[in-house]
Amino acid sequence: MRIALYARYSTDMQRDASIHDQFRNCMRFISTRVDWHVVRRDFDEGISGSKSDRPGYQELLAAGKRDEYDLIVVDEVSRLWRDQEEQWRAVNRLRYIGVNIIGVSDGIDTRREGFELLLAIHGAINESERKKIAYRTHRGLTGQAEKGASCGGRSYGYGSITIEDPVRKDPHGRPQVQECRKVIVPEEAAVVRHIFQWFSEGQSPFAIADRLNTKGIPAPRGGKWARSAIYGDRRTGVGILNNVLYRGLMVWNRSKWVRNPDTGRRKRVERDQCEWITVEQPALRIIDDDLWRRVQARLHRGDRRGVAVKAGITRARKSGGRYPRYLLSGLLQCSVCGGKYTVVDRYRYGCATHKERGSHACTNHLKVSRALADKLLLQGLREQLLTQERLRLFERETARLIVKAQKNSGPDTIAVRRRLKSLEKEIANLTGAIRELGISPALRDELRAAEQEKERIGNELDTAEAEVPDLPKVLPLAAQRFRELVSDLVATLARDLPRARALLEELLPNPIRLIPQTGGWLEAEVGTDLDTLLRISGKKLLKNQEYLTLVAGAGFEPATFGL
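All the letters of the sequence shown, read from the start, carry residue numbers 5 to 567 under the working numbering.
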(Lines of atoms letter the chains of each structure in order from A and count residues from 1; the text may use other names and numbers.)
(Lines give C-alpha, C1' and ligand atoms only; values in the text may rest on other atoms or scores of the structure.)
Protein backbone atom coordinates (compact mmCIF):
# COMPACT_ATOMS: atom_id res chain seq x y z
CA MET A 1 0.00 0.00 0.00
CA ARG A 2 1.30 3.47 -0.92
CA ILE A 3 1.45 5.80 2.08
CA ALA A 4 1.60 9.62 2.22
CA LEU A 5 2.70 11.28 5.45
CA TYR A 6 1.69 14.76 6.56
CA ALA A 7 2.89 16.89 9.48
CA ARG A 8 2.29 20.47 10.62
CA TYR A 9 2.98 22.87 13.44
CA SER A 10 1.55 26.35 13.83
CA THR A 11 2.91 28.39 16.75
CA ASP A 12 6.23 29.76 17.92
CA MET A 13 5.89 27.63 21.04
CA GLN A 14 6.53 24.62 18.82
CA ARG A 15 9.74 24.03 16.95
CA ASP A 16 11.05 22.72 13.64
CA ALA A 17 11.81 19.36 15.25
CA SER A 18 8.06 18.93 15.78
CA ILE A 19 7.77 17.91 12.11
CA HIS A 20 10.45 15.27 12.59
CA ASP A 21 8.76 14.02 15.79
CA GLN A 22 5.42 13.62 14.02
CA PHE A 23 6.98 11.74 11.10
CA ARG A 24 8.89 9.48 13.52
CA ASN A 25 5.67 8.54 15.31
CA CYS A 26 3.99 7.77 11.97
CA MET A 27 6.93 5.64 10.82
CA ARG A 28 6.85 3.65 14.05
CA PHE A 29 3.20 2.84 13.33
CA ILE A 30 3.87 1.95 9.68
CA SER A 31 6.85 -0.29 10.48
CA THR A 32 4.52 -2.90 11.99
CA ARG A 33 2.52 -3.21 8.76
CA VAL A 34 3.42 -5.49 5.86
CA ASP A 35 3.72 -4.03 2.35
CA TRP A 36 3.17 -0.42 3.48
CA HIS A 37 5.57 1.89 1.63
CA VAL A 38 5.93 5.65 2.20
CA VAL A 39 5.91 7.37 -1.20
CA ARG A 40 5.74 11.03 -0.14
CA ARG A 41 6.05 13.38 2.84
CA ASP A 42 4.32 16.76 2.97
CA PHE A 43 4.45 19.29 5.78
CA ASP A 44 3.63 22.89 6.71
CA GLU A 45 5.54 25.00 9.24
CA GLY A 46 4.10 27.87 11.23
CA ILE A 47 0.63 27.69 9.62
CA SER A 48 -2.71 27.23 11.36
CA GLY A 49 -4.74 24.11 10.65
CA SER A 50 -7.77 26.34 10.03
CA LYS A 51 -6.24 27.49 6.73
CA SER A 52 -6.93 25.39 3.66
CA ASP A 53 -4.38 27.22 1.48
CA ARG A 54 -1.36 25.65 3.20
CA PRO A 55 1.22 24.81 0.47
CA GLY A 56 2.10 21.34 1.79
CA TYR A 57 -1.55 20.46 2.41
CA GLN A 58 -2.56 21.53 -1.09
CA GLU A 59 0.30 19.51 -2.62
CA LEU A 60 -0.88 16.49 -0.65
CA LEU A 61 -4.45 16.82 -1.98
CA ALA A 62 -3.23 17.38 -5.54
CA ALA A 63 -1.09 14.23 -5.37
CA GLY A 64 -4.16 12.30 -4.20
CA LYS A 65 -6.07 13.42 -7.27
CA ARG A 66 -3.17 12.16 -9.39
CA ASP A 67 -3.49 8.73 -7.71
CA GLU A 68 0.00 8.86 -6.18
CA TYR A 69 -0.95 7.20 -2.86
CA ASP A 70 -3.67 5.09 -1.22
CA LEU A 71 -3.57 6.19 2.43
CA ILE A 72 -2.69 9.32 4.43
CA VAL A 73 -1.06 8.75 7.83
CA VAL A 74 -0.77 11.62 10.35
CA ASP A 75 0.18 11.80 14.01
CA GLU A 76 -3.23 13.37 14.79
CA VAL A 77 -6.03 14.50 12.50
CA SER A 78 -5.63 17.98 14.05
CA ARG A 79 -2.42 18.18 11.98
CA LEU A 80 -4.62 18.04 8.87
CA TRP A 81 -7.58 20.11 10.07
CA ARG A 82 -8.73 22.45 12.79
CA ASP A 83 -11.79 23.46 10.81
CA GLN A 84 -14.74 21.07 10.63
CA GLU A 85 -16.09 22.33 7.30
CA GLU A 86 -12.75 21.78 5.57
CA GLN A 87 -12.32 18.46 7.40
CA TRP A 88 -15.53 16.90 6.09
CA ARG A 89 -15.13 18.41 2.63
CA ALA A 90 -11.63 16.93 2.32
CA VAL A 91 -12.56 13.54 3.84
CA ASN A 92 -15.47 13.11 1.44
CA ARG A 93 -13.36 14.07 -1.57
CA LEU A 94 -10.47 11.81 -0.58
CA ARG A 95 -12.68 8.80 0.10
CA TYR A 96 -14.45 9.37 -3.23
CA ILE A 97 -11.11 8.88 -5.02
CA GLY A 98 -10.25 5.88 -2.85
CA VAL A 99 -7.96 7.52 -0.28
CA ASN A 100 -8.38 6.95 3.47
CA ILE A 101 -6.89 8.70 6.52
CA ILE A 102 -5.32 7.29 9.69
CA GLY A 103 -4.55 9.33 12.81
CA VAL A 104 -1.96 7.37 14.78
CA SER A 105 -2.40 9.01 18.20
CA ASP A 106 -6.15 9.62 18.17
CA GLY A 107 -7.25 6.31 16.65
CA ILE A 108 -8.99 7.75 13.58
CA ASP A 109 -9.22 5.29 10.67
CA THR A 110 -11.68 6.13 7.88
CA ARG A 111 -11.52 2.51 6.66
CA ARG A 112 -13.50 1.39 9.68
CA GLU A 113 -17.27 1.25 9.82
CA GLY A 114 -18.72 4.12 11.84
CA PHE A 115 -15.56 6.23 11.83
CA GLU A 116 -17.72 9.34 11.29
CA LEU A 117 -18.74 9.62 14.96
CA LEU A 118 -15.17 9.51 16.30
CA LEU A 119 -13.97 11.93 13.60
CA ALA A 120 -16.81 14.33 14.39
CA ILE A 121 -15.90 14.32 18.09
CA HIS A 122 -12.22 14.92 17.43
CA GLY A 123 -13.02 17.53 14.77
CA ALA A 124 -15.19 19.48 17.22
CA ILE A 125 -12.48 19.26 19.90
CA ASN A 126 -9.76 20.40 17.45
CA GLU A 127 -11.78 23.37 16.21
CA SER A 128 -12.70 24.34 19.77
CA GLU A 129 -9.04 24.20 20.78
CA ARG A 130 -8.12 26.47 17.86
CA LYS A 131 -10.69 29.03 18.99
CA LYS A 132 -9.42 28.83 22.57
CA ILE A 133 -5.85 29.42 21.38
CA ALA A 134 -7.02 32.43 19.33
CA TYR A 135 -8.91 33.84 22.32
CA ARG A 136 -5.98 33.36 24.70
CA THR A 137 -3.57 34.91 22.19
CA HIS A 138 -5.84 37.94 21.68
CA ARG A 139 -6.26 38.33 25.45
CA GLY A 140 -2.50 38.28 25.96
CA LEU A 141 -1.90 40.80 23.17
CA THR A 142 -4.54 43.09 24.67
CA GLY A 143 -2.60 43.15 27.92
CA GLN A 144 0.63 43.86 26.06
CA ALA A 145 -1.00 46.71 24.10
CA GLU A 146 -2.36 48.33 27.25
CA LYS A 147 1.18 48.34 28.67
CA GLY A 148 2.47 50.03 25.51
CA ALA A 149 4.35 46.96 24.24
CA SER A 150 4.49 45.99 20.56
CA CYS A 151 1.83 43.52 19.44
CA GLY A 152 3.35 42.78 16.06
CA GLY A 153 3.09 44.51 12.73
CA ARG A 154 5.82 46.50 10.99
CA SER A 155 5.57 50.29 10.69
CA TYR A 156 8.07 52.12 8.51
CA GLY A 157 10.32 54.21 10.72
CA TYR A 158 10.38 51.71 13.58
CA GLY A 159 12.12 48.54 14.60
CA SER A 160 11.63 46.38 17.67
CA ILE A 161 13.67 45.07 20.56
CA THR A 162 12.90 42.11 22.82
CA ILE A 163 13.05 42.35 26.59
CA GLU A 164 14.07 38.98 28.04
CA ASP A 165 13.55 37.63 31.54
CA PRO A 166 16.97 37.29 33.23
CA VAL A 167 15.94 34.13 35.08
CA ARG A 168 13.09 32.23 33.44
CA LYS A 169 13.57 30.04 30.37
CA ASP A 170 11.10 28.95 27.68
CA PRO A 171 10.40 25.22 26.92
CA HIS A 172 13.38 25.18 24.55
CA GLY A 173 15.87 26.49 27.10
CA ARG A 174 16.06 30.01 25.70
CA PRO A 175 15.51 33.15 27.85
CA GLN A 176 11.80 33.82 28.11
CA VAL A 177 10.68 36.93 26.23
CA GLN A 178 8.73 39.27 28.50
CA GLU A 179 7.67 41.74 25.80
CA CYS A 180 8.69 43.52 22.61
CA ARG A 181 9.06 47.28 22.33
CA LYS A 182 9.06 49.48 19.25
CA VAL A 183 12.04 51.80 18.76
CA ILE A 184 12.63 54.56 16.22
CA VAL A 185 14.99 53.80 13.32
CA PRO A 186 16.67 57.19 12.72
CA GLU A 187 17.34 56.76 8.99
CA GLU A 188 13.74 55.76 8.25
CA ALA A 189 12.36 58.42 10.60
CA ALA A 190 14.17 61.06 8.55
CA VAL A 191 12.45 59.77 5.39
CA VAL A 192 9.06 59.94 7.14
CA ARG A 193 9.69 63.60 8.08
CA HIS A 194 10.66 64.41 4.49
CA ILE A 195 7.45 62.79 3.17
CA PHE A 196 5.26 64.80 5.55
CA GLN A 197 7.12 68.04 4.83
CA TRP A 198 7.00 67.60 1.04
CA PHE A 199 3.32 66.75 1.11
CA SER A 200 2.52 69.77 3.30
CA GLU A 201 4.33 71.94 0.74
CA GLY A 202 1.99 70.77 -2.01
CA GLN A 203 3.89 67.91 -3.62
CA SER A 204 1.77 64.98 -4.80
CA PRO A 205 2.26 61.40 -3.52
CA PHE A 206 3.40 60.47 -7.04
CA ALA A 207 6.04 63.21 -7.09
CA ILE A 208 7.22 62.20 -3.61
CA ALA A 209 7.52 58.53 -4.65
CA ASP A 210 9.51 59.51 -7.72
CA ARG A 211 11.77 61.73 -5.62
CA LEU A 212 12.49 58.93 -3.15
CA ASN A 213 13.17 56.48 -5.97
CA THR A 214 15.56 59.02 -7.55
CA LYS A 215 17.51 59.13 -4.28
CA GLY A 216 17.64 55.29 -4.23
CA ILE A 217 15.82 55.04 -0.89
CA PRO A 218 14.22 51.55 -0.49
CA ALA A 219 10.45 51.36 0.03
CA PRO A 220 9.00 49.85 3.25
CA ARG A 221 8.96 46.38 1.70
CA GLY A 222 12.06 46.91 -0.41
CA GLY A 223 11.98 47.77 -4.08
CA LYS A 224 10.52 51.01 -5.39
CA TRP A 225 8.22 53.51 -3.70
CA ALA A 226 4.63 53.71 -4.95
CA ARG A 227 1.99 56.40 -4.54
CA SER A 228 -0.19 53.98 -2.55
CA ALA A 229 2.50 53.45 0.11
CA ILE A 230 2.46 57.18 0.83
CA TYR A 231 -1.21 58.12 0.44
CA GLY A 232 -2.71 54.79 1.54
CA ASP A 233 -6.29 54.57 2.77
CA ARG A 234 -7.61 57.17 5.21
CA ARG A 235 -10.48 54.95 6.33
CA THR A 236 -8.26 52.10 7.53
CA GLY A 237 -5.28 54.21 8.62
CA VAL A 238 -2.98 52.55 6.08
CA GLY A 239 -0.22 54.57 4.41
CA ILE A 240 2.60 56.80 5.66
CA LEU A 241 0.46 59.96 5.82
CA ASN A 242 -2.30 58.27 7.85
CA ASN A 243 -0.22 56.48 10.48
CA VAL A 244 -1.02 58.04 13.88
CA LEU A 245 1.99 56.28 15.42
CA TYR A 246 4.15 59.04 13.90
CA ARG A 247 2.51 61.52 16.29
CA GLY A 248 3.11 59.19 19.28
CA LEU A 249 -0.27 57.44 19.39
CA MET A 250 -0.29 53.64 19.25
CA VAL A 251 -3.58 52.05 18.17
CA TRP A 252 -4.18 48.31 18.43
CA ASN A 253 -7.22 46.08 17.75
CA ARG A 254 -8.38 48.34 14.95
CA SER A 255 -9.33 45.50 12.64
CA LYS A 256 -9.83 41.74 12.51
CA TRP A 257 -9.65 39.04 9.87
CA VAL A 258 -12.83 37.21 8.85
CA ARG A 259 -12.69 34.04 6.75
CA ASN A 260 -15.03 33.58 3.79
CA PRO A 261 -16.64 30.13 4.30
CA ASP A 262 -16.99 29.58 0.54
CA THR A 263 -13.47 30.49 -0.63
CA GLY A 264 -11.49 30.05 2.59
CA ARG A 265 -9.85 33.43 1.99
CA ARG A 266 -9.50 35.99 4.76
CA LYS A 267 -10.84 39.52 4.58
CA ARG A 268 -9.84 42.44 6.79
CA VAL A 269 -12.81 44.02 8.60
CA GLU A 270 -12.62 47.23 10.63
CA ARG A 271 -13.75 46.97 14.26
CA ASP A 272 -15.95 49.55 15.97
CA GLN A 273 -13.88 52.41 17.34
CA CYS A 274 -15.01 51.56 20.87
CA GLU A 275 -12.98 48.31 20.58
CA TRP A 276 -9.73 50.08 19.71
CA ILE A 277 -6.96 50.22 22.30
CA THR A 278 -5.15 53.57 22.12
CA VAL A 279 -2.00 54.26 24.13
CA GLU A 280 0.08 57.45 24.03
CA GLN A 281 3.75 56.77 23.28
CA PRO A 282 5.63 60.10 23.32
CA ALA A 283 8.96 58.30 22.87
CA LEU A 284 7.79 57.07 19.45
CA ARG A 285 6.76 60.50 18.11
CA ILE A 286 8.39 61.36 14.75
CA ILE A 287 6.08 64.17 13.48
CA ASP A 288 5.18 67.28 15.53
CA ASP A 289 1.55 68.35 15.94
CA ASP A 290 1.79 71.39 13.66
CA LEU A 291 3.10 69.40 10.67
CA TRP A 292 0.60 66.60 11.36
CA ARG A 293 -2.34 69.10 11.32
CA ARG A 294 -1.21 70.68 8.05
CA VAL A 295 -0.92 67.29 6.35
CA GLN A 296 -4.29 66.11 7.64
CA ALA A 297 -5.95 69.34 6.48
CA ARG A 298 -4.71 68.75 2.94
CA LEU A 299 -5.81 65.12 3.05
CA HIS A 300 -9.25 66.24 4.25
CA ARG A 301 -9.59 68.60 1.27
CA GLY A 302 -8.78 65.66 -1.00
CA ASP A 303 -11.40 63.55 0.78
CA ARG A 304 -14.09 66.14 0.02
CA ARG A 305 -13.20 66.13 -3.66
CA GLY A 306 -13.29 62.32 -3.66
CA VAL A 307 -16.75 62.30 -2.08
CA ALA A 308 -18.01 64.65 -4.78
CA VAL A 309 -16.63 62.45 -7.54
CA LYS A 310 -18.15 59.30 -6.01
CA ALA A 311 -21.49 61.07 -5.65
CA GLY A 312 -21.44 61.93 -9.34
CA ILE A 313 -20.67 58.34 -10.27
CA THR A 314 -23.45 57.11 -7.98
CA ARG A 315 -25.96 59.45 -9.67
CA ALA A 316 -24.84 58.13 -13.05
CA ARG A 317 -25.33 54.55 -11.89
CA LYS A 318 -28.83 55.34 -10.60
CA SER A 319 -29.71 56.87 -13.96
CA GLY A 320 -28.68 53.73 -15.79
CA GLY A 321 -24.92 54.31 -16.07
CA ARG A 322 -22.17 52.14 -14.62
CA TYR A 323 -18.49 52.26 -13.89
CA PRO A 324 -16.43 52.34 -17.10
CA ARG A 325 -15.00 49.09 -18.42
CA TYR A 326 -12.23 48.90 -20.99
CA LEU A 327 -11.52 46.20 -23.52
CA LEU A 328 -7.77 45.83 -23.02
CA SER A 329 -7.22 47.11 -19.49
CA GLY A 330 -5.27 44.45 -17.60
CA LEU A 331 -4.48 42.50 -20.80
CA LEU A 332 -1.60 44.79 -21.82
CA GLN A 333 1.92 44.45 -20.40
CA CYS A 334 4.86 46.84 -20.42
CA SER A 335 7.90 45.09 -21.91
CA VAL A 336 10.30 47.32 -19.95
CA CYS A 337 9.22 46.58 -16.36
CA GLY A 338 6.71 43.74 -16.79
CA GLY A 339 3.94 45.80 -15.18
CA LYS A 340 0.45 46.27 -16.57
CA TYR A 341 -0.72 48.89 -19.03
CA THR A 342 -3.93 50.36 -17.63
CA VAL A 343 -6.17 53.33 -18.34
CA VAL A 344 -4.15 56.27 -16.96
CA ASP A 345 -6.49 59.07 -18.04
CA ARG A 346 -9.80 59.43 -19.85
CA TYR A 347 -8.50 58.40 -23.26
CA ARG A 348 -5.17 56.55 -23.00
CA TYR A 349 -3.48 53.38 -21.80
CA GLY A 350 -0.14 53.79 -20.00
CA CYS A 351 2.33 51.84 -17.85
CA ALA A 352 0.90 51.64 -14.33
CA THR A 353 4.39 51.27 -12.79
CA HIS A 354 5.58 54.49 -14.44
CA LYS A 355 2.41 56.30 -13.35
CA GLU A 356 2.48 55.07 -9.74
CA ARG A 357 6.24 54.96 -9.06
CA GLY A 358 7.84 57.32 -11.54
CA SER A 359 10.50 57.10 -14.22
CA HIS A 360 13.08 55.56 -11.90
CA ALA A 361 10.82 52.53 -11.46
CA CYS A 362 10.06 52.30 -15.21
CA THR A 363 11.41 54.47 -18.04
CA ASN A 364 8.53 53.68 -20.38
CA HIS A 365 6.51 56.90 -20.52
CA LEU A 366 4.72 56.14 -23.79
CA LYS A 367 0.93 56.17 -23.80
CA VAL A 368 -1.47 55.05 -26.50
CA SER A 369 -4.98 56.13 -27.37
CA ARG A 370 -7.49 53.66 -25.96
CA ALA A 371 -9.73 53.82 -29.06
CA LEU A 372 -6.74 53.38 -31.40
CA ALA A 373 -5.31 50.45 -29.44
CA ASP A 374 -8.67 48.67 -29.29
CA LYS A 375 -9.22 49.10 -33.03
CA LEU A 376 -5.73 48.24 -34.32
CA LEU A 377 -5.14 45.29 -32.02
CA LEU A 378 -8.45 43.63 -32.84
CA GLN A 379 -8.09 44.20 -36.57
CA GLY A 380 -4.48 42.99 -36.52
CA LEU A 381 -5.42 39.90 -34.53
CA ARG A 382 -8.20 39.08 -36.96
CA GLU A 383 -5.95 39.49 -40.03
CA GLN A 384 -3.15 37.37 -38.53
CA LEU A 385 -5.42 34.53 -37.46
CA LEU A 386 -7.31 34.29 -40.74
CA THR A 387 -4.29 33.64 -42.97
CA GLN A 388 -4.46 30.48 -45.09
CA GLU A 389 -1.46 29.01 -43.26
CA ARG A 390 -3.16 29.28 -39.87
CA LEU A 391 -6.47 27.99 -41.16
CA ARG A 392 -4.71 24.90 -42.54
CA LEU A 393 -2.90 24.40 -39.24
CA PHE A 394 -6.18 24.63 -37.34
CA GLU A 395 -7.80 22.04 -39.64
CA ARG A 396 -4.84 19.65 -39.29
CA GLU A 397 -4.95 19.80 -35.49
CA THR A 398 -8.72 19.38 -35.41
CA ALA A 399 -8.45 16.32 -37.65
CA ARG A 400 -5.61 14.87 -35.55
CA LEU A 401 -7.59 15.14 -32.33
CA ILE A 402 -10.71 13.59 -33.85
CA VAL A 403 -8.71 10.65 -35.23
CA LYS A 404 -7.04 10.23 -31.84
CA ALA A 405 -10.44 10.17 -30.13
CA GLN A 406 -11.68 7.54 -32.57
CA LYS A 407 -8.64 5.34 -31.94
CA ASN A 408 -8.89 5.71 -28.17
CA SER A 409 -12.53 4.76 -28.19
CA GLY A 410 -11.95 1.58 -30.23
CA PRO A 411 -10.91 -0.95 -27.55
CA ASP A 412 -13.59 0.25 -25.14
CA THR A 413 -16.29 -0.01 -27.78
CA ILE A 414 -15.18 -3.54 -28.74
CA ALA A 415 -15.23 -4.69 -25.13
CA VAL A 416 -18.67 -3.17 -24.59
CA ARG A 417 -20.04 -4.89 -27.72
CA ARG A 418 -18.64 -8.24 -26.57
CA ARG A 419 -20.32 -7.88 -23.20
CA LEU A 420 -23.56 -6.88 -24.90
CA LYS A 421 -23.53 -10.06 -27.03
CA SER A 422 -22.77 -12.14 -23.94
CA LEU A 423 -25.76 -10.61 -22.14
CA GLU A 424 -28.05 -11.28 -25.10
CA LYS A 425 -27.07 -14.97 -24.98
CA GLU A 426 -27.52 -15.07 -21.20
CA ILE A 427 -31.00 -13.54 -21.49
CA ALA A 428 -31.93 -16.04 -24.24
CA ASN A 429 -30.77 -18.95 -22.04
CA LEU A 430 -32.70 -17.65 -19.03
CA THR A 431 -35.82 -17.17 -21.12
CA GLY A 432 -35.51 -20.75 -22.42
CA ALA A 433 -35.08 -22.10 -18.90
CA ILE A 434 -38.21 -20.27 -17.76
CA ARG A 435 -40.20 -21.75 -20.67
CA GLU A 436 -39.11 -25.29 -19.80
CA LEU A 437 -39.04 -25.19 -15.99
CA GLY A 438 -41.29 -22.29 -15.13
CA ILE A 439 -40.36 -19.08 -13.42
CA SER A 440 -38.77 -19.06 -9.96
CA PRO A 441 -37.65 -16.16 -7.76
CA ALA A 442 -34.00 -16.90 -8.55
CA LEU A 443 -34.54 -17.03 -12.35
CA ARG A 444 -36.70 -13.90 -12.24
CA ASP A 445 -33.98 -11.95 -10.38
CA GLU A 446 -31.24 -13.15 -12.73
CA LEU A 447 -33.30 -12.21 -15.80
CA ARG A 448 -34.13 -8.76 -14.41
CA ALA A 449 -30.46 -8.10 -13.57
CA ALA A 450 -29.30 -9.19 -17.02
CA GLU A 451 -31.90 -7.03 -18.79
CA GLN A 452 -31.01 -3.99 -16.68
CA GLU A 453 -27.31 -4.43 -17.42
CA LYS A 454 -28.06 -4.83 -21.13
CA GLU A 455 -30.05 -1.61 -21.14
CA ARG A 456 -27.31 0.28 -19.29
CA ILE A 457 -24.53 -0.99 -21.57
CA GLY A 458 -26.63 -0.24 -24.65
CA ASN A 459 -27.07 3.36 -23.51
CA GLU A 460 -23.35 3.69 -22.81
CA LEU A 461 -22.53 2.33 -26.25
CA ASP A 462 -24.91 4.78 -27.95
CA THR A 463 -23.39 7.66 -25.99
CA ALA A 464 -19.82 6.59 -26.79
CA GLU A 465 -20.52 6.32 -30.50
CA ALA A 466 -22.31 9.67 -30.52
CA GLU A 467 -19.36 11.39 -28.80
CA VAL A 468 -16.92 10.48 -31.58
CA PRO A 469 -17.91 12.53 -34.63
CA ASP A 470 -17.50 11.71 -38.27
CA LEU A 471 -14.36 13.48 -39.51
CA PRO A 472 -15.58 14.44 -43.03
CA LYS A 473 -18.70 16.04 -41.57
CA VAL A 474 -17.10 17.86 -38.65
CA LEU A 475 -13.93 19.26 -40.24
CA PRO A 476 -15.59 21.83 -42.57
CA LEU A 477 -17.88 22.92 -39.74
CA ALA A 478 -14.93 23.36 -37.37
CA ALA A 479 -13.04 25.50 -39.90
CA GLN A 480 -16.14 27.62 -40.47
CA ARG A 481 -16.63 28.03 -36.74
CA PHE A 482 -12.99 29.14 -36.43
CA ARG A 483 -13.53 31.86 -39.06
CA GLU A 484 -16.70 33.02 -37.32
CA LEU A 485 -15.02 33.09 -33.92
CA VAL A 486 -12.13 35.27 -35.09
CA SER A 487 -14.31 37.57 -37.22
CA ASP A 488 -16.72 37.97 -34.35
CA LEU A 489 -14.09 39.74 -32.22
CA VAL A 490 -14.27 43.08 -34.05
CA ALA A 491 -18.01 42.96 -34.61
CA THR A 492 -18.71 42.07 -30.98
CA LEU A 493 -16.82 45.09 -29.67
CA ALA A 494 -19.36 47.50 -31.10
CA ARG A 495 -22.37 45.80 -29.52
CA ASP A 496 -21.16 43.84 -26.47
CA LEU A 497 -17.95 44.98 -24.75
CA PRO A 498 -18.05 42.43 -21.87
CA ARG A 499 -18.44 39.53 -24.33
CA ALA A 500 -15.62 40.84 -26.54
CA ARG A 501 -13.35 41.08 -23.50
CA ALA A 502 -14.29 37.56 -22.39
CA LEU A 503 -13.37 36.21 -25.84
CA LEU A 504 -10.02 37.98 -25.70
CA GLU A 505 -9.25 36.60 -22.25
CA GLU A 506 -9.84 33.08 -23.56
CA LEU A 507 -7.89 33.59 -26.79
CA LEU A 508 -4.82 35.19 -25.23
CA PRO A 509 -2.86 32.84 -22.94
CA ASN A 510 -0.39 35.63 -22.11
CA PRO A 511 -0.63 39.43 -21.85
CA ILE A 512 -0.15 41.58 -24.96
CA ARG A 513 3.39 42.97 -24.67
CA LEU A 514 3.83 46.64 -25.63
CA ILE A 515 7.41 47.34 -26.74
CA PRO A 516 8.66 50.96 -27.02
CA GLN A 517 10.26 51.73 -30.39
CA THR A 518 12.64 54.44 -31.55
CA GLY A 519 10.51 57.31 -32.76
CA GLY A 520 8.06 57.27 -29.85
CA TRP A 521 5.62 54.50 -30.87
CA LEU A 522 4.74 51.11 -29.42
CA GLU A 523 4.88 47.67 -31.01
CA ALA A 524 2.33 45.16 -29.69
CA GLU A 525 3.29 41.47 -29.52
CA VAL A 526 0.31 39.12 -29.36
CA GLY A 527 0.66 35.39 -28.78
CA THR A 528 -2.43 33.27 -29.49
CA ASP A 529 -2.85 29.67 -28.43
CA LEU A 530 -3.98 27.02 -30.88
CA ASP A 531 -5.22 24.72 -28.14
CA THR A 532 -7.50 27.47 -26.82
CA LEU A 533 -8.88 28.11 -30.30
CA LEU A 534 -9.57 24.40 -30.72
CA ARG A 535 -11.34 24.25 -27.37
CA ILE A 536 -13.48 27.34 -27.94
CA SER A 537 -14.39 26.36 -31.48
CA GLY A 538 -15.20 22.84 -30.32
CA LYS A 539 -17.50 24.11 -27.57
CA LYS A 540 -19.38 26.28 -30.05
CA LEU A 541 -19.62 23.48 -32.61
CA LEU A 542 -20.41 20.34 -30.63
CA LYS A 543 -21.66 19.44 -27.17
CA ASN A 544 -19.69 17.23 -24.75
CA GLN A 545 -16.72 16.88 -27.12
CA GLU A 546 -13.99 16.24 -24.59
CA TYR A 547 -11.47 15.28 -27.26
CA LEU A 548 -11.28 18.93 -28.29
CA THR A 549 -9.98 19.94 -24.87
CA LEU A 550 -6.78 17.90 -25.25
CA VAL A 551 -3.54 19.85 -25.55
CA ALA A 552 -2.75 20.55 -29.18
CA GLY A 553 0.64 19.59 -30.50
CA ALA A 554 1.33 22.90 -32.23
CA GLY A 555 1.01 26.61 -31.58
CA PHE A 556 0.91 29.98 -33.27
CA GLU A 557 3.92 32.27 -33.42
CA PRO A 558 3.36 35.68 -31.80
CA ALA A 559 2.06 38.39 -34.12
CA THR A 560 3.19 42.02 -33.90
CA PHE A 561 1.31 45.20 -34.69
CA GLY A 562 2.35 48.85 -34.54
CA LEU A 563 0.45 51.32 -32.35
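The beta carbon of each residue, even a glycine, is placed where N, CA and C say it ideally should be.
Everything numeric in this text was worked out from a predicted model, so none of it was measured.
message: If you follow the alpha helix (DSSP H) that W202 is in, where does it begin and where does it stop?
response: 190-204
Option in V248, D237, A193 with minimal Cα separation from A223: A193
- prompt: Can you tell me where the alpha helix (DSSP H) with G362 in it begins and where it stops?
  reply: From DSSP, G362 is part of no alpha helix (DSSP H); its letter is neither H nor E.
- request: Below 8 Å CB to CB, which residues in the same chain sit around V196 once its five sequence neighbours on both sides are set aside?
  value: Y160, G161, I244, Y250, I290, I291
query: What residue does the beta strand (DSSP E) around T367 start on, and which one ends it?
result: No beta strand (DSSP E) holds T367; DSSP gives it neither H nor E.
- request: Give the DSSP bridge partners of I76, in chain order.
  value: A8, I105
message: Here's the rule I'm using: 16 or more other beta-carbon atoms within 10 Å means buried, otherwise exposed. How should V262 be labelled?
response: exposed
- prompt: Excluding the five sequence neighbours on either side, which residues of its own chain have a C-beta within less than 8 Å of the C-beta of L451, listed in chain order?
  reply: I431, L434, T435, I438
- prompt: Closest by CA to P179, which one among K186, V187, D169?
  reply: D169
task: Run the proximity test for R423: is its beta-carbon closer than 7 Å to any non-hydrogen atom belonging to the ligand MN?
output: In terms of ligand content, the structure shown is empty, and the ligand MN therefore cannot be addressed.
field: CB-CB length for Q337 against R517, believed under 8 Å
entry: 5 Å
message: Given this structure, state the Cα-to-Cα distance separating Y13 from R258, to the nearest angstrom.
response: 28 Å
- request: Closer than 6 Å by C-beta to W280: which residues in its own chain qualify, once you throw out the five before and the five after it? Chain order, please.
  value: V255, N257, R258
- request: Taking 8 Å as the cut-off, decide whether the C-beta atoms of L331 and A504 are in contact.
  value: yes
message: Short of 7 Å in beta carbon distance, which residues of its chain neighbour P520, apart from the five on each side in sequence? Order them along the chain.
response: V340, N368, L370, L526
- prompt: Secondary structure at P520, three-state DSSP: helix, strand or coil?
  reply: strand
Check whether E133 and Q88 have beta carbons under 8 Å apart: no
Contacts around A209, its chain only, beta-carbon distance under 6 Å, and the 5 residues preceding and following it disregarded: Note that residue 209 is Pro in the sequence shown, not Ala. These residues qualify, in order along the chain: R231, I234, Y235.
query: Taking the runs of the alpha helix (DSSP H) that are 4 residues or longer, which of them lie wholly in the segment 211-269?
result: 231-235
field: 8 Å Cβ shell around R99 - same chain, five flanking residues per side excluded
entry: T114
field: Classification of D79 by the beta-carbon crowding that lies within 10 angstroms, buried from 16 upward
entry: buried
- request: Give the DSSP-derived three-state secondary structure of V340 in the structure shown.
  value: coil
- prompt: When DSSP labels each residue in this structure, what does A375 get in the three-state scheme?
  reply: helix
message: Check this for me: beta carbons of K186 and L288, under 8 Å apart or not?
response: yes
- request: Work out the CA separation of I101 and K458 for me, nearest whole Å.
  value: 27 Å
- prompt: Going straight from the alpha carbon of I221 to that of I199, what length do you get?
  reply: 12 Å
task: For V38, name the three-state secondary structure that DSSP assigns.
output: coil
message: Using 8 Å for Cβ pairs, my map puts S373 next to R350. What's the rounded Cβ distance?
response: S373 to R350, Cβ: 11 Å. No contact.
- prompt: How long is the line joining the alpha carbons of V248 and E191, rounded to whole angstroms?
  reply: 19 Å
field: Alpha-carbon to alpha-carbon, R423 and I461
entry: 8 Å
- prompt: How far does the beta strand (DSSP E) with E168 in it reach, from first residue to last?
  reply: 162-173
- prompt: Among all the DSSP beta bridges, which residues are the ones paired with E89?
  reply: Answer is none; E89 lacks a bridge partner.
- prompt: Under 8 Å, do A11 and Y73 count as touching if we go by C-beta distance?
  reply: no
- request: Can you grab the Cα-Cα spacing for the pair K359 / V348, in whole Å?
  value: 7 Å
- request: Can you tell me which of the three DSSP states V348 falls into?
  value: coil
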